[in-house]
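In the working numbering, the protein residues as written are 1319 to 1494.
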Amino acid sequence: VVIGAGPIGILHTQLAKRMGAKKVVIGDLVEERLKIAEKLGADVTINVSEEDITSRVKEETGGLGADVVIEAVGLPTTWQKALELVAKGGTVLEFGGCPPGTKIEVDTELLHYSEVTLLGTFHATPEEFSKAFDLISSGQINVKPIISMEKPLEEIKEVFDSILQSKKVLKVSIVP
1319 VVIGAGPIGI LHTQLAKRMG AKKVVIGDLV EERLKIAEKL GADVTINVSE EDITSRVKEE
1379 TGGLGADVVI EAVGLPTTWQ KALELVAKGG TVLEFGGCPP GTKIEVDTEL LHYSEVTLLG
1439 TFHATPEEFS KAFDLISSGQ INVKPIISME KPLEEIKEVF DSILQSKKVL KVSIVP
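So this is what it looks like as structure tokens:
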């Protein structure tokens, strides 16, 4: 399960499929982002403004929860939701960065008795950047649908305005 169909969530979706995930479920509030995720490999998309992600994940997993949950939003509520969606013995990757000083409550019983692995991550090593570059340049990971527009540097103000006004804009390529 991937929480968040922004650029990072969509990239995680592609990586999960490439690494052999049988079923990738992704949830988001923006239908356009979910459509891109589906084109790039998501098997199940959930518009969380219309459907309860917890119920749907239980349905998709036969009531077990997901083996792996990747949080790619960076909100305390989605960090906690990730822990609700994981199966016993599963792994939660809290990838989305919350603002400094953010706190969440963790059900220690869930972590302990369900043997959940909770991972946090930040940034990447030069070796990981090199691997990512190779995956993209070889076409194994497709980033083109994630680039919402290409604009010249002179239009940077308009680009920022459009990013602030629309959740439909994923990434913008600025060309000199």
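Quick reminder that beta carbons are idealized off the backbone N, C-alpha and C, glycines included.
* **C-alpha gap between residue 1333 and residue 1460, whole angstroms** => Computed Cα separation, rounded: 10 Å.
Assess contact between the segment 1351-1360 and the segment 1372-1379, defined as three or more Cβ pairs (one per stretch) separated by less than 8 Å. Is contact present? Counting C-beta pairs with one atom in each stretch, the segment 1351-1360 and the segment 1372-1379 have fewer than three that are closer than 8 Å, which means they do not touch.
- [ ] Confirm, please, whether the CB-CB distance from residue 1389 to residue 1419 is below 8 Å.
- [x] Contact flag unset, no.
| message | Under DSSP, the beta strand (DSSP E) around residue 1470 begins and ends at which residues? | response | Where residue 1470 is concerned, the enclosing beta strand (DSSP E) stretches over 1465-1470.
Check your understanding: Just curious, the beta strand (DSSP E) that residue 1403 is in, first and last residue?
Key -> Counting along the chain, residue 1403 sits inside no beta strand (DSSP E); it lies in the alpha helix (DSSP H) bounded by residues 1394-1403.
Q. Just reading off the beta strand (DSSP E) that residue 1362 is part of, what are its end residues?
A. For residue 1362, the uninterrupted beta strand (DSSP E) run begins and ends at 1362-1365, by DSSP.
Note to self: On the DSSP bridge list, what partners appear for residue 1412?
What the structure shows: For residue 1412, which the question treats as bridged, DSSP gives the partners 1389 and 1438.
Measuring only the C-alpha atoms, how far is residue 1362 from residue 1396? The alpha-carbon atoms of residue 1362 and residue 1396 are separated by roughly 18 Å.
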